[in-house]
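Q: Just so you know, the sequence shown maps onto residues 13 to 235 in the working numbering.
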Amino acid sequence: MSDGRFIAYYRVSTERQGKSGLGLEAQQKSVLDYLSGANSTLVAEFTDIESGKNNSRPELTKALSLAKLTGAILIIAKLDRLSRNATFLMSLRDAGVEFVAVDLPNANRLTVGIMALVAEQEREVISGRTKAALEAAKARGVKLGGYRAEAKPDAAKGLAGIKKKADHFAVSVMPIVREIQARGVTSLNGIAKELILRGIKTNRGGIWTATTVKNLISRNSLI
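1. Just list the residues that DSSP pairs Glu62 with in beta bridges.
2. Considering Val112, what are the terminal residues of the beta strand (DSSP E) in which it resides?
3. Determine the contact status of Ile88 and Tyr21, defining contact as a CB-CB distance below 8 Å.
4. Apply the 10 Å Cβ neighbour rule to Ala182 and answer buried if 16 or more other Cβ atoms are within range, or exposed otherwise.
5. What is the rounded straight-line gap between the Cα of Gln193 and the Cα of Phe111?
6. Going along the chain, which unbroken runs of the alpha helix (DSSP H) with 4 or more residues stay wholly within the stretch 168-225?
7. Might you give, ordered along the chain, the residues of its own chain that have their beta carbon closer than 6 Å to the beta carbon of Asn232, omitting 5 neighbours on each side?
8. For the beta strand (DSSP E) containing Leu44, list its first residue and its last residue.
9. Below 8 Å, how does it come out for the stretch 71-80 and the stretch 31-51: are there three or more Cβ pairs, yes or no?
10. Report all residues from its chain with a CB closer than 6 Å to the CB of Tyr159; omit the five preceding and five following residues, and keep chain order.
11. For Lys65, count the other beta carbons within 10 Å of its own beta carbon; 16 or more makes it buried, fewer makes it exposed. Which is it?
12. Taking only three categories from DSSP, how would you classify Arg105?
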């Protein structure tokens with residue numbers, strides 16, 4: 013266990029939460045137990061809720077972004093239950109942030125990379141079996157797929173991308189702003205100075221001012 017600033021990431025299931033120690037409360041307790049007794053600070057917590065059809069990880073993206081911005085260590089309660097998720101492991105491996113897993117404290121980028129390769133191989137095997145099954149069904153005359161509407165061009169795609177990036181940045185930085193405010197620094201100028209001292213740049217890579225802090229808080233309230 014090491015001192016420092018930490019960002020916790022949890023992943024729970026809407027169906028299995030609370031079973032086999034995989035629930036959110038169990039993960040939070042394991043993280044707090046790991047951090048107790050040392051000079052450590054839990055900066056923020058992010059939780060992804062998985063379902064049978066949704067395998068996205070928006071909160072992981074936010075956690076990794078905040079870890080990059082602050083230099084904090086990403087702490088994961090249970091890495092073993094994610095060991096077969098190749099996409100998650102690759103994201104963790106390539107994120108360029110320091111991380112620690114409570115259940116696998118010796119895990120590092122090398123071991124996670126190996127786990128990702130194994131998970132990817134398993135996925136390719138499953139994909140191959142699925143493809144073979146579909147080809148067999150097609151050979152039997154089974155009609156596969158359905159009507160697919162042609163995608164319409166999005167004239168505002170560029171603007172939408174810029175807005176999405178700005179929204180994502182605002183969500184990532186707001187936990188730091190809230191922490192600064194909780195410490196008694198509430199003025200816009202004061203918050204700007206704190207962000208500068210921490211080495212955090214604005215969304216465009218510039219220096220914080222009262223105006224940019226105000227814009228950040230306003231944008232976050234609209235997300």
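Glycine included, each C-beta is placed from N, C-alpha and C at the ideal position.
A: Let's see:
1. Ser25
2. Phe111 to Ala113
3. yes
4. buried
5. 26 Å
6. Within the stretch 168-225, the complete alpha helix (DSSP H) segments at least 4 residues long are 169-194 and 200-209, listed from N- to C-terminus.
7. Ala182 and Met186
8. Element bounds for Leu44: not the beta strand (DSSP E) but the alpha helix (DSSP H), Leu36 to Leu47.
9. no
10. Summary for Tyr159: the model assigns pLDDT 46, below 50, so the residue's position carries little reliability; its value from the coordinates is reported in the next sentence. Taken in chain order, the list of residues that qualify is empty.
11. Its pLDDT being 49, under 50, Lys65 is placed unreliably by the model, and nothing is read from it.
12. helix
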